[in-house]
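Student:
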Amino acid sequence: WELDYYSPAWKFVGQHMRWTASMEKIANGHARRAMNVPVTEPTPPYISMHIRHGDFSQQYEEFPVDQCFAPLSVIARRVSEVQEKLRTRKGIEATHVIMTSDERDPEWWSDVGANVGRLRSGTDREIYGKRHPVFVDAIIQSNGAGLVSTCGSTIRRVQSWHDGATRLVRWGWPDADDR
Numbered sequence: 040w041e042l043d044y045y046s047p048a049w050k051f052v053g054q055h056m057r058w059t060a061s062m063e064k065i066a067n068g069h070a071r072r073a074m075n076v077p078v079t080e081p082t083p084p085y086i087s088m089h090i091r092h093g094d095f096s097q098q099y100e101e102f103p104v105d106q107c108f109a110p111l112s113v114i115a116r117r118v119s120e121v122q123e124k125l126r127t128r129k130g131i132e133a134t135h136v137i138m139t140s141d142e143r144d145p146e147w148w149s150d151v152g153a154n155v156g157r158l159r160s161g162t163d164r165e166i167y168g169k170r171h172p173v174f175v176d177a178i179i180q181s182n183g184a185g186l187v188s189t190c191g192s193t194i195r196r197v198q199s200w201h202d203g204a205t206r207l208v209r210w211g212w213p214d215a216d217d218r
């Protein structure tokens with residue numbers, strides 16, 4: 040992993056971090072709502088997606104921003120790969136997917152739901168405060184049985200935390216993830 044060299048804290052310390060029980064409970068409630076799971080049923084295994092756009096969009100000026108990120112069809116393919124790996128390696132059927140992203144374009148989010156069929160977690164900034172949604176999203180991301188994330192994201196440590204299947208989506212130029 041490229042971040043092992045640049046950020047050894049994640050490799051040697053981050054993988055041992057744990058969330059507080061109260062934060063886990065709040066995040067689990069959000070995850071269950073995102074998956075439409077009743078409170079009477081156990082939380083099913085899910086694939087978390089962390090697709091960063093906002094801060095990454097500032098890093099490349101060589102191409103228009105809309106050409107720098109992988110299309111939703113590529114992201115959906117990576118989800119299918121994680122589902123297959125979980126199925127064959129661990130016998131887990133992860134049909135639920137929760138997407139988190141800093142993307143602000145409502146049309147993009149509409150396409151996520153329409154074309155890819157993924158869910159966005161909802162966090163209540165008004166109830167818990169400005170920073171709380173960041174933690175809720177991080178907990179949801181880290182508790183997935185598998186993860187699809189943009190290259191350069193440290194949240195992919197789900198691989199160390201839960202022996203989860205991970206796939207990274209390449210970005211930065213047109214067709215960067217065309218593999």
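Using the numbering used here, the letters of the sequence shown correspond one by one to residues 40 to 218. Idealized CB from N, CA, C, for every residue including glycine.
(1) Are the region 130-146 and the region 83-91 in contact at 8 Å, needing three or more beta carbon pairs?
(2) What are the start and end residues of the alpha helix (DSSP H) that includes T127?
(3) List the residues that DSSP assigns as beta-bridge partners of H89.
(4) Measuring alpha carbon to alpha carbon, tell me which residue in V173, L125 and R72 is nearest D202.
(5) Which of the three DSSP states is assigned to A204 in this structure?
(6) May I have the straight-line CA-CA distance separating R117 from A60, to the nearest angstrom?
(7) Quick one: using the 10 Å Cβ neighbour count with 16 as the cut-off for buried, is N75 buried or exposed?
(8) In whole angstroms, give me the CA-to-CA distance for P77 and K64.
(9) Among residues of its own chain, excluding the 5 on either side of E120, which ones have a beta-carbon nearer than 7 Å to its beta-carbon?
(10) According to DSSP, is D144 part of a helix, a strand, or is it coil?
(11) Using three-state DSSP, classify G68 as helix, strand or coil.
Tutor: Reading off the structure:
(1) Counting C-beta pairs with one atom in each stretch, the region 130-146 and the region 83-91 have three or more that are closer than 8 Å, which means they touch.
(2) Walking along the sequence shown from the start, residue 127 turns up at place 88. Start and end: L111 to K129.
(3) In the sequence shown, the residue the question calls residue 89 occupies position 50. H89 is bridged to T139 and S188.
(4) Along the sequence shown, read from residue 1 onward, the residue named residue 202 stands at position 163. Selected option, being the one with the closest Cα: L125.
(5) The count along the sequence shown starts at 1 and reaches residue 204 at position 165. In the three-state scheme derived from DSSP, where H, G and I count as helix and E and B as strand, A204 is classed as strand.
(6) Looking up residue 117 in the sequence shown gives position 78. Looking up residue 60 in the sequence shown gives position 21. Taking the straight line joining both Cα atoms gives about 31 Å.
(7) Numbered from its first residue, the sequence shown carries residue 75 at position 36. Exposed, because fewer than 16 other Cβ atoms sit within 10 Å of the Cβ of N75.
(8) As a working note, residue 77 is residue 38 in the sequence shown. As a working note, residue 64 is residue 25 in the sequence shown. Their Cα atoms are separated by approximately 15 Å.
(9) For the purposes of this step, residue 120 is taken as residue 81 along the sequence shown, with counting starting at 1. Same-chain partners within the cutoff: R206.
(10) Indexing the sequence shown from 1 puts residue 144 at position 105. The answer is coil: DSSP assigns D144 none of H, G, I, E or B.
(11) The residue labelled residue 68 in the question sits at position 29 within the sequence shown. Three-state result, G68: helix.
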